[in-house]
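Here the protein sequences come in this chain order: C and R. Positions 2 to 334 (my numbering) are the ones given, in order, by the first sequence. Positions 2 to 334 (my numbering) are the ones given, in order, by the second sequence. Quick reminder that beta carbons are idealized off the backbone N, C-alpha and C, glycines included. Small disclaimer: the values here were computed from a predicted structure and weren't measured. As structure tokens, the structure follows; a few thoughts come after it.
Number of protein chains: 2
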Amino acid sequence: MDANPILAETTRGNWVENRHRGAYVVIDSDGRIIAAAGDIERPVFPRSSIKSMQALAIFARHAHEQFHHSQQELALACASHNGEDMHVEVASGLLSRLGLSEADLECGAHQPINAAARAALRAEGAKPSSLHNACSGKHSGMLSVALAMGVPTAGYASREHAVQQQVRAVIEAVVGEPLSEAKCGTDGCSIPTYAAPLRAFARGFARMATGNGLLPEMASAAERLFDAATTHPHLVAGTGHPDTQIMTAFKGRVMQKYGADGVQCGAIRDKGWGYALKCDDGSLPASLAMVAALLLDVAEPDADQRALLEGFAHQPIKSVRGAQVGEMRAVAR
Amino acid sequence: MDANPILAETTRGNWVENRHRGAYVVIDSDGRIIAAAGDIERPVFPRSSIKSMQALAIFARHAHEQFHHSQQELALACASHNGEDMHVEVASGLLSRLGLSEADLECGAHQPINAAARAALRAEGAKPSSLHNACSGKHSGMLSVALAMGVPTAGYASREHAVQQQVRAVIEAVVGEPLSEAKCGTDGCSIPTYAAPLRAFARGFARMATGNGLLPEMASAAERLFDAATTHPHLVAGTGHPDTQIMTAFKGRVMQKYGADGVQCGAIRDKGWGYALKCDDGSLPASLAMVAALLLDVAEPDADQRALLEGFAHQPIKSVRGAQVGEMRAVAR
Numbered sequence: 002m003d004a005n006p007i008l009a010e011t012t013r014g015n016w017v018e019n020r021h022r023g024a025y026v027v028i029d030s031d032g033r034i035i036a037a038a039g040d041i042e043r044p045v046f047p048r049s050s051i052k053s054m055q056a057l058a059i060f061a062r063h064a065h066e067q068f069h070h071s072q073q074e075l076a077l078a079c080a081s082h083n084g085e086d087m088h089v090e091v092a093s094g095l096l097s098r099l100g101l102s103e104a105d106l107e108c109g110a111h112q113p114i115n116a117a118a119r120a121a122l123r124a125e126g127a128k129p130s131s132l133h134n135a136c137s138g139k140h141s142g143m144l145s146v147a148l149a150m151g152v153p154t155a156g157y158a159s160r161e162h163a164v165q166q167q168v169r170a171v172i173e174a175v176v177g178e179p180l181s182e183a184k185c186g187t188d189g190c191s192i193p194t195y196a197a198p199l200r201a202f203a204r205g206f207a208r209m210a211t212g213n214g215l216l217p218e219m220a221s222a223a224e225r226l227f228d229a230a231t232t233h234p235h236l237v238a239g240t241g242h243p244d245t246q247i248m249t250a251f252k253g254r255v256m257q258k259y260g261a262d263g264v265q266c267g268a269i270r271d272k273g274w275g276y277a278l279k280c281d282d283g284s285l286p287a288s289l290a291m292v293a294a295l296l297l298d299v300a301e302p303d304a305d306q307r308a309l310l311e312g313f314a315h316q317p318i319k320s321v322r323g324a325q326v327g328e329m330r331a332v333a334r
Numbered sequence: 002m003d004a005n006p007i008l009a010e011t012t013r014g015n016w017v018e019n020r021h022r023g024a025y026v027v028i029d030s031d032g033r034i035i036a037a038a039g040d041i042e043r044p045v046f047p048r049s050s051i052k053s054m055q056a057l058a059i060f061a062r063h064a065h066e067q068f069h070h071s072q073q074e075l076a077l078a079c080a081s082h083n084g085e086d087m088h089v090e091v092a093s094g095l096l097s098r099l100g101l102s103e104a105d106l107e108c109g110a111h112q113p114i115n116a117a118a119r120a121a122l123r124a125e126g127a128k129p130s131s132l133h134n135a136c137s138g139k140h141s142g143m144l145s146v147a148l149a150m151g152v153p154t155a156g157y158a159s160r161e162h163a164v165q166q167q168v169r170a171v172i173e174a175v176v177g178e179p180l181s182e183a184k185c186g187t188d189g190c191s192i193p194t195y196a197a198p199l200r201a202f203a204r205g206f207a208r209m210a211t212g213n214g215l216l217p218e219m220a221s222a223a224e225r226l227f228d229a230a231t232t233h234p235h236l237v238a239g240t241g242h243p244d245t246q247i248m249t250a251f252k253g254r255v256m257q258k259y260g261a262d263g264v265q266c267g268a269i270r271d272k273g274w275g276y277a278l279k280c281d282d283g284s285l286p287a288s289l290a291m292v293a294a295l296l297l298d299v300a301e302p303d304a305d306q307r308a309l310l311e312g313f314a315h316q317p318i319k320s321v322r323g324a325q326v327g328e329m330r331a332v333a334r
């Protein structure tokens with residue numbers, strides 16, 4: 002297997018300390034490659050970067066007609082959220098309208114990602130619930146799919162359940178590739194994740210951005226989901242999160258979503274381009290530097306957007322005493 | 002620059018998710034290579050993996066004759082400790098014998114590495130001090146060097162200070178290479194770190210293990226430091242830490258020390274071999290899998306040691322709900 006190129010590195014003083022390899026592709030809905038590096042055909046797990054694709058199942062099963070998901074609830078279905086109050090409220094709101102509760106979520110409980118939210122819970126002497134799980138919005142959306150399908154909600158997270166079969170089918174339709182049991186794992190939130198080429202995920206995001214190659218109903222669903230995510234970027238991640246900052250700065254032009262283990266996906270909506278990126282070693286900060294460099298290259302940022310992205314493309318590394326001693330930086334291709 | 006080989010990877014389900022490249026060398030004091038992979042001449046920052054080399058400065062300046070460092074204090078000088086009570090006590094004990102206090106430490110304060118120690122501090126409503134810094138033992142030792150040299154203690158962490166010049170000189174003597182300002186950075190604890198080839202660090206550890214190539218006084222100092230570290234492995238890291246577990250299991254045969262950003266160094270004392278390893282991307286779990294595989298290969302572990310190392314060479318990856326969904330594993334060379 003050929004080595005992917007070095008796309009990010011950390012420095013310390015005047016020397017390079019760590020090197021991060023990876024691959025990315027920016028592509029249009031016809032499959033025309035705008036920019037690429039590394040092996041974009043090697044199947045990778047997209048993890049949470051494709052939550053907006055998974056959320057298409059809500060529309061495929063007309064759950065939205067039955068439960069009238071708000072734009073906020075759709076944004077949260079696309080989210081790996083910080084576990085802040087606003088996220089917990091939107092998730093529990095949908096659950097209660099479904100006649101369900103936190104006990105029906107199968108994602109498991111973990112501490113809020115956001116430090117202030119963690120500290121607030123701790124100050125209350127409270128333990129985190131499944132609602133604080135970064136995936137609680139996605140899971141609530143999946144529960145609405147189970148109800149719309151008229152199948153038992155219990156076990157909805159498992160690979161064999163009708164909900165996950167439906168989720169798999171909408172992803173396959175969007176990425177234009179069969180997803181295989183031979184390249185399948187379980188995500189941190191207990192649902193299946195299927196590996197496929199970066200090229201396929203990127204093209205899927207281009208299709209969602211344009212509607213090209215999608216059935217009209219799915220094209221409309223994709224537009225609603227991208228509108229929801231870019232209108233409510235604080236719900237897709239949260240306070241201070243890079244995805245939220247990028248979507249806020251791009252004012253609807255960019256849908257950006259990270260995934261665990263160094264995946265970054267999204268779409269430059271006005272261009273009709275999708276993108277997908279994976280840092281080979283799974284580093285989240287390195288993948289952020291890489292995707293910032295990608296957007297600087299192809300997204301035609303204005304001055305404010307450029308300043309934001311440059312900050313992610315050059316992240317300071319500090320000593321315990323707070324002095325800058327190096328940086329994580331994107332490597333020019 | 003050629004890519005180093007993949008030495009560890011993570012799986013999820015039935016597919017590889019992340020890949021970690023790196024280099025390592027096992028070498029004797031004459032420079033004869035026992036085992037190696039990747040580019041062992043590329044200069045890397047050793048970070049905390051060479052604290053036992055840095056601690057030689059205590060002996061080079063006869064601070065040990067003036068302050069009679071206990072074996073525990075010498076072990077803590079070689080440590081990146083967990084910030085548990087035992088570590089804080091040994092560091093503050095030496096400081097008070099020096100007529101100094103926590104206020105003289107220039108490493109900065111951070112939360113204890115050990116989760117139980119963090120929780121205990123929090124339960125007391127206390128903030129961490131510089132004594133909880135993983136490097137407080139090393140810094141206390143460096144303060145003893147400053148006093149023995151008759152120089153001001155203030156600023157002892159800076160590159161230009163006489164203490165750091167002395168530390169640099171003992172490292173150069175042991176690794177047999179000049180350390181260059183052209184490949185120098187500042188470590189997390191504010192002292193300088195110099196990049197040099199893995200081969201040089203590994204050979205330095207072989208020299209410390211055997212005394213070969215060292216002046217008699219330094220050979221004796223190296224033996225005392227390795228004895229201290231392997232006799233008190235709980236002080237070199239702490240409860241549940243891999244370094245502590247490895248040194249405990251090997252009953253004095255192995256001196257093992259991790260460094261930040263994926264460095265692992267040590268010596269197989271009875272063989273007279275030193276080793277040094279760097280994971281290119283800086284992953285600590287990946288570097289642990291790599292060094293476990295290295296020790297399985299060359300250290301002739303008994304059944305208990307083998308079982309321990311196999312656990313580090315195959316670390317489970319779990320979902321939020323606690324199910325094993327993959328593993329970090331060493332890749333056979």
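Between the Cα of residue i and those of the options, spot the shortest distance and give me the residue it belongs to.
i        : options                                : result
Trp1/C   : Ala76/C, Gly327/C, Ala197/C            : Outside the displayed range of chain C (2 to 334) lies residue 1/C, so it cannot be described from this structure.
Gly23/R  : Glu301/R, Leu285/R, Gln167/R, Ala110/R : Leu285/R
Cys185/R : Pro193/R, Glu178/R, Glu10/R            : Pro193/R
Ala92/R  : Leu236/R, Ile28/R, Arg322/R, Ala38/R   : Leu236/R
Ser191/R : Met209/R, Ala116/R, Lys139/R           : Lys139/R
Tyr259/C : Tyr276/C, Ala250/C, Lys252/C           : Tyr276/C
Gly312/C : Arg322/C, Leu296/C, Val321/C           : Leu296/C
Ala163/C : Val152/C, Val171/C, Glu173/C           : Val152/C
Gly267/C : Leu309/C, Arg200/C, Ala331/C, Leu122/C : Arg200/C
His69/R  : Lys319/R, Tyr157/R, Arg98/R            : Arg98/R
Leu106/R : Ala147/R, Ala196/R, Val45/R, Arg169/R  : Ala147/R
Among all the DSSP beta bridges, which residues are the ones paired with residue i?
i        : result
Thr11/R  : Asn19/R, Met329/R
Thr187/C : Pro193/C
His315/C : Arg330/C
Met256/R : Ala268/R
Ile28/R  : Ile34/R, Gly275/R
For a contact meaning CB atoms closer than 9 angstroms, what does residue i contact in chain R?
i        : result
Thr154/C : Chain R residues near Thr154/C: none, gap ~16 angstroms exceeds 9 angstroms.
Lys184/C : Gly14, Asn15, Trp16
Throw me the rounded Cβ distance for the residue i and residue j pair, which I believe falls under 8 angstroms.
i        : j        : result
Ile59/C  : Ala78/C  : 7 angstroms
Leu278/C : Gln257/C : About 11 angstroms; that fails the 8 angstroms criterion.
Ala290/R : Met248/R : Not confirmed; about 18 angstroms, so no contact.
Ala124/C : Asn83/C  : Actually they are not in contact, since the Cβ atoms of Ala124/C and Asn83/C sit about 17 angstroms apart, beyond 8 angstroms.
Ala293/R : Ala314/R : 4 angstroms
Gly39/R  : Asn19/C  : Contact flag wrong, Cβ pair sits at about 14 angstroms.
Ser130/C : Glu90/C  : In fact, because the Cβ distance is near 13 angstroms, the residues do not count as touching under 8 angstroms.
Ala36/C  : Val299/C : 6 angstroms
Nearest-angstrom Cα distance between residue i and residue j?
i        : j        : result
Ala324/C : Thr12/C  : 14 angstroms
Ile28/R  : Arg204/R : 6 angstroms
Thr231/C : His88/C  : 16 angstroms
Asp303/C : Phe251/C : 9 angstroms
Gly189/C : Met150/R : 54 angstroms
Ala333/R : Glu173/C : 35 angstroms
His63/R  : Leu216/R : 14 angstroms
Val176/C : Gly214/C : 10 angstroms
Gly212/C : Ala116/R : 49 angstroms
Lys272/C : Arg254/C : 9 angstroms
Leu96/R  : Phe202/R : 30 angstroms
Gln73/C  : Val321/C : 39 angstroms
Leu132/C : Gln167/C : 23 angstroms
His111/R : Tyr157/C : 42 angstroms
Ala229/C : Asp86/R  : 50 angstroms
Arg48/R  : Ala261/R : 6 angstroms
Chain R partners of residue i, CB-CB under 8 angstroms?
i        : result
Asn19/C  : Asp262, Gly263, Asp281, Asp282, Gly283
Ala324/C : Thr187, Ser191
Give the residues of chain C in contact with residue i, contact being defined as C-beta atoms less than 9 angstroms apart.
i       : result
Arg62/R : Residues of chain C passing the Cβ test: none, with the nearest at roughly 25 angstroms.
Phe46/R : Arg13, Gly14, Trp16, Glu18
How would you list, in chain order, the residues of chain C whose beta-carbon sits under 8 angstroms from the beta-carbon of residue i?
i        : result
Asn115/R : Near Asn115/R there are no residues of chain C at all, since even the closest Cβ is about 16 angstroms away, more than 8 angstroms.
Val321/R : Cys108, Gly109, Ala110, His111, Asn134, Gly189, Cys190, Ser191
Ala4/R   : Ala4, Arg22
At 7 angstroms on the CB atoms, spell out the chain C contacts of residue i, in chain order.
i        : result
Gly327/R : Gly186
Using a cut-off of 7 angstroms between C-beta atoms, extract the partners of residue i located in chain R.
i        : result
Ala304/C : What Ala304/C touches in chain R: nothing, since even the nearest Cβ is about 32 angstroms away.
Ala238/C : Going along chain R, no residue has its Cβ under 7 angstroms from Ala238/C, so there is no contact; the nearest lies around 18 angstroms.
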